[in-house]
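Residue numbers (the working numbering): 70 to 158.
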């Protein structure tokens, strides 16, 4: 899953994110961008087993950071998502 977050620029913001994650989830992409504001823009790719969807939704609600799910974004699907055929090569 690909998500775009707005993290507050304060000590412990990343630690909160990481601490609330389940240990079986894998961060496969993490891109941070700050332009001197009181928040940072984060793009995160997470590998979450399909059976963990309810726990992942609870994680997002508990975290409380604004986010947008980009998993179905056409640009992501075109440039970043691995197709089954590409993964087999």
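In this text, a Cβ means the ideal position worked out from N, Cα and C, and glycines have one as well.
From a predicted model like this one, the values you see are computed outputs, not experimental measurements.
Go ahead and label residue i buried or exposed: buried means 16 or more other beta carbons lie within 10 angstroms of its beta carbon, across all protein chains shown.
| i | result |
| --- | --- |
| residue 74 | buried |
| residue 148 | exposed |
| residue 71 | buried |
| residue 113 | buried |
With distances taken from CA atoms, which of the options is nearest residue i?
| i | options | result |
| --- | --- | --- |
| residue 97 | 143, 139, 81, 116 | 116 |
| residue 122 | 83, 80, 91, 82 | 91 |
For residue i, I'd like the list of residues in its chain whose CB is within less than 6 angstroms of its CB, leaving aside the five on either flank, ordered along the chain.
| i | result |
| --- | --- |
| residue 110 | 102 |
| residue 127 | none |
Who are the Cβ neighbours of residue i in its own chain at under 8 angstroms, not counting the five residues just before and after it?
| i | result |
| --- | --- |
| residue 78 | 103, 106, 107, 108, 109 |
Since residue i and residue j should fall inside the 8 angstroms C-beta cutoff, what is the C-beta to C-beta distance between them, to a whole number of angstroms?
| i | j | result |
| --- | --- | --- |
| residue 85 | residue 129 | Not a contact, Cβ separation roughly 13 angstroms. |
| residue 118 | residue 93 | 7 angstroms |
| residue 134 | residue 76 | 6 angstroms |
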